Amino acid sequence: CSATGRVLLSARPIDEVKFLLNRMARPALTPRTRTGLRDILNEIEQARAYGYAICDEELELGVRSLAVPIRTGRGDVIAALSLSVSISRMSRQEVIDNLLTEMELAKRNFAALL
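Using the working numbering, the letters of the sequence shown correspond one by one to residues -5 to 108.
This is the structure we're talking about:
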């Protein structure tokens, strides 16, 4: 499940998320891909708790992605904003420390347009 997918699913009720995940193929695209239901649900719960999701080399080796939800004024998630970077450019912590604030600003700007 991508960082974007985790953020979008984090806004849905857990029973709906389980229903969807149980009906989806979850192939391992890299050796780091999480395919187990419990692992994916944990990542979605973290996205819900932190307000963002990170995917480290799970869809493509060498690529780290960060996603944040875009919400309406009522708090409903209507979209997500994602950015991918080479793992050689930034560590996971550097992505959080240096890019998350910019992503938060960008998502507010996009929310105003949607």
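Each residue gets a CB set at the ideal place from its N, CA and C atoms; glycine is no exception.
For clarity, every value in this text was computed on a predicted model and none was experimentally measured.
- Is DSSP giving D70 helix, strand or coil here? If you number the sequence shown from 1, residue 70 lands on position 76. Of the three classes helix, strand and coil, the one that applies to D70 here is coil, per DSSP.
- Query: Bridge partners of D50, per DSSP?
  - Reply: The residue given as residue 50 occupies position 56 in the sequence shown. Within the DSSP bridge table, the entry for D50 names R58 as partners.
- Item | Counted within 10 angstroms of its Cβ, other Cβ atoms place P63 as buried (16 or more) or exposed | The residue given as residue 63 occupies position 69 in the sequence shown. Flag for P63 reads buried.
- Item | Span separating the alpha-carbon of L31 from that of V79 | Taking the first residue of the sequence shown as 1, we reach residue 31 at position 37. Taking the first residue of the sequence shown as 1, we reach residue 79 at position 85. The alpha-carbon atoms of L31 and V79 are separated by roughly 26 Å.
- Query: In the DSSP assignment, what residue or residues form a beta bridge with V79?
  - Reply: Taking the sequence shown and counting its residues from 1, the one referred to as residue 79 is at position 85. Beta-bridge pairing links V79 to R58.
- Item | Three-way DSSP call (helix, strand, coil) for R65 in this model | Here residue 65 corresponds to residue number 71 of the sequence shown, with the count starting at 1. Looking at R65 - three-state DSSP - the assignment turns out to be strand.
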